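Heads up, the sequence shown stops at 72 in my numbering, and the numbers go up one at a time, no gaps.
Glycine is no exception: its CB is placed at the ideal position from the N, C-alpha and C atoms.
All values reported here derive from a predicted model rather than from experimental measurement.
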Amino acid sequence: MNYDNWKLSNPIDDGWGYDMVSNCCGAALDIDAEKCPDCKEYCDPIEDYEYTQRIVDSIAEDRMDEKRLGL
Ligand SMILES: [Zn+2]
Numbered sequence: 002m003n004y005d006n007w008k009l010s011n012p013i014d015d016g017w018g019y020d021m022v023s024n025c026c027g028a029a030l031d032i033d034a035e036k037c038p039d040c041k042e043y044c045d046p047i048e049d050y051e052y053t054q055r056i057v058d059s060i061a062e063d064r065m066d067e068k069r070l071g072l
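And the structure:
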């Protein structure tokens, strides 16, 4: 297989490889849904990778707080 065929056979990241989730619970959300299916609160839909990133960021912040407090 030459390079061009290999490249074409790969799944292309076209921006549709993620799901929308609620920003409060990370529950799967329809793009036009206004309420979180989990807690029934109004929420903003965000990309699932963005929600994951927020969790990662908050964990990183927690760790920094622990360092500051000397825990
Ligand atoms: Zn929620």
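Considering just the uninterrupted stretch of the beta strand (DSSP E) at Glu48, what are its terminal residues?
Here residue 48 refers to the residue found at position 47 of the sequence shown. Residue range 46 to 48 is occupied by the beta strand (DSSP E) that includes Glu48.
Buried or exposed for Ser59, please, with buried defined as at least 16 other CB atoms from any protein chain shown within 10 angstroms of its CB.
Residue 59 sits at position 58 when you count from the first residue of the sequence shown. Answer is exposed; the Cβ neighbour count stays below 16.
Do the CB positions of Val22 and Asp45 come within less than 8 angstroms of each other?
The sequence position of residue 22 within the sequence shown is 21, counting from 1. The sequence position of residue 45 within the sequence shown is 44, counting from 1. Asp45 is positioned such that its CB atom lies no closer than 8 angstroms to that of Val22.
How big is the Cα-Cα spacing for Tyr52 and Lys68?
What you label residue 52 is simply residue 51 of the sequence shown in a count that begins at 1. What you label residue 68 is simply residue 67 of the sequence shown in a count that begins at 1. A direct Cα-Cα distance of roughly 25 angstroms separates Tyr52 from Lys68.
When you compare only the Cα positions, how much space is there between Asp33 and Gly18?
For the purposes of this step, residue 33 is taken as residue 32 along the sequence shown, with counting starting at 1. For the purposes of this step, residue 18 is taken as residue 17 along the sequence shown, with counting starting at 1. Distance between the alpha carbons of Asp33 and Gly18 is about 18 angstroms.
Following a CB-centred definition, is Asp39 positioned closer than 7 angstroms to any heavy atom of ligand 1?
Along the sequence shown, read from residue 1 onward, the residue named residue 39 stands at position 38. The nearest non-hydrogen atom of ligand 1 is less than 7 angstroms from the C-beta of Asp39.
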